[in-house]
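Student: In the numbering used here, the protein residues as written are 675 to 931.
C-beta atoms are modelled at their ideal positions from N, C-alpha and C, and glycine is treated no differently.
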């Protein structure tokens, strides 16, 4: 894995105009002999493309189930894995969560994804030498001519994390790229970066507004895998779901396993 570029953008933090958005871009992330391990993810993404799904946010407070949001949304991603969807997640502490998460990752993920997650955490700035945890995995699919809306990453209501003070790093590995367009885009400064196949981009997606520029209508799909990481020390680990402000519906989570 070779560092391709490093960029700093100022004045675009939604919370603090003085903060700096740091963007690391790597090329040749995996040996050529290993990139074929991801071919089935490209096939899966191409066949499923985008989908409609009813998304909702609900939690339990004072023994009452409260639903905040429910709507049908068109997704440009396929969620592969979500650590917070495991009921056991809500019983973890800072001392137990890393080993527990590793067991879930080993049990439920193919070797290629585990290898990618380990390479990023062990060798890529700003994650290496930090006690980080992979939280969510996505396959992102953008057909030719389709952009990604400007947005921020993060699920602070589910993670019990203060996104003003803490970081959630989005690490995106690129499997297939169009010839024209498809750049990662930070609109406030009009900064653009065009990834290549077998490259990786990491930045703090929860604070800095970003999107993806559209490619040509007749070009190939833009396909990538995103892993979101956070530091274990930055998370809230009370050891029991009753101690969370927003209490998860463990029965629903168990039914989803």
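(1) Can you round the beta-carbon distance between residue 898 and residue 848 to whole angstroms, since I take them to be within the 8 Å contact cut?
(2) Label residue 763 either buried or exposed according to how many other C-beta atoms from any shown protein chain fall within 10 Å of its C-beta, with 16 as the threshold for buried.
(3) Looking at the secondary structure, which residues open and close the alpha helix (DSSP H) in which residue 789 lies?
(4) For my contact list, residue 786 and residue 711 are in at a C-beta cut-off of 8 Å; report their separation, rounded to the angstrom.
(5) When you compare each of 911, 815 and 799 to residue 700 by their alpha carbons, which one comes out closest?
(6) Could you tell me which whole beta strand (DSSP E) segments of length 3 or greater appear in the stretch 847-896?
(7) Whole angstroms is fine: what's the gap from residue 703's alpha carbon to residue 752's?
(8) DSSP on residue 768, reduced to helix/strand/coil?
(9) What's the gap between the Cα of residue 857 and the Cα of residue 884?
(10) Rank 882, 860, 758 and 913 by C-alpha distance to the C-alpha of residue 840 and give the top, closest one.
(11) Starting from residue 696 and walking both ways along the beta strand (DSSP E), at which residues does that stretch end?
(12) Quick check on this structure: which residue in 784, 852, 683 and 810 has the alpha carbon closest to the alpha carbon of residue 902?
Tutor: Looking at the atomic coordinates:
(1) The sequence position of residue 898 within the chain shown is 224, counting from 1. The sequence position of residue 848 within the chain shown is 174, counting from 1. Residue 898 to residue 848, Cβ: 5 Å. Contact.
(2) Counted from its first residue, the chain shown places residue 763 at position 89. It counts as buried.
(3) On the chain shown, residue 789 is found 115 positions in, with the first residue counted as 1. 785-797 is the span of the alpha helix (DSSP H), which, as asked, contains residue 789.
(4) In the chain shown, counting from the first residue as 1, residue 786 sits at position 112. In the chain shown, counting from the first residue as 1, residue 711 sits at position 37. Going by Cβ atoms, the distance from residue 786 to residue 711 rounds to 4 Å, so yes, they are a contact pair.
(5) In the chain shown, residue 700 corresponds to position 26, counting from 1. Nearest of 911, 815 and 799 to residue 700, Cα basis: 799.
(6) 858-860, 865-867, 874-878 and 884-886
(7) For the purposes of this step, residue 703 is identified with residue 29 of the chain shown, where counting begins at 1. For the purposes of this step, residue 752 is identified with residue 78 of the chain shown, where counting begins at 1. One C-alpha to the other measures close to 22 Å.
(8) Position 94 of the chain shown, counted from the start, is the residue given in the question as residue 768. The answer is coil: DSSP assigns residue 768 none of H, G, I, E or B.
(9) Within the chain shown, the letter at position 183 stands for residue 857. Within the chain shown, the letter at position 210 stands for residue 884. Answer to the nearest angstrom: the Cα atoms are 11 Å apart.
(10) Within the chain shown, residue 840 is the residue found at index 166, counting from 1. Answer by Cα proximity: 882.
(11) As a working note, residue 696 is residue 22 in the chain shown. That run of the beta strand (DSSP E) goes 694-701.
(12) If you number the chain shown from 1, residue 902 lands on position 228. It is 810 whose Cα lies nearest to the Cα of residue 902.
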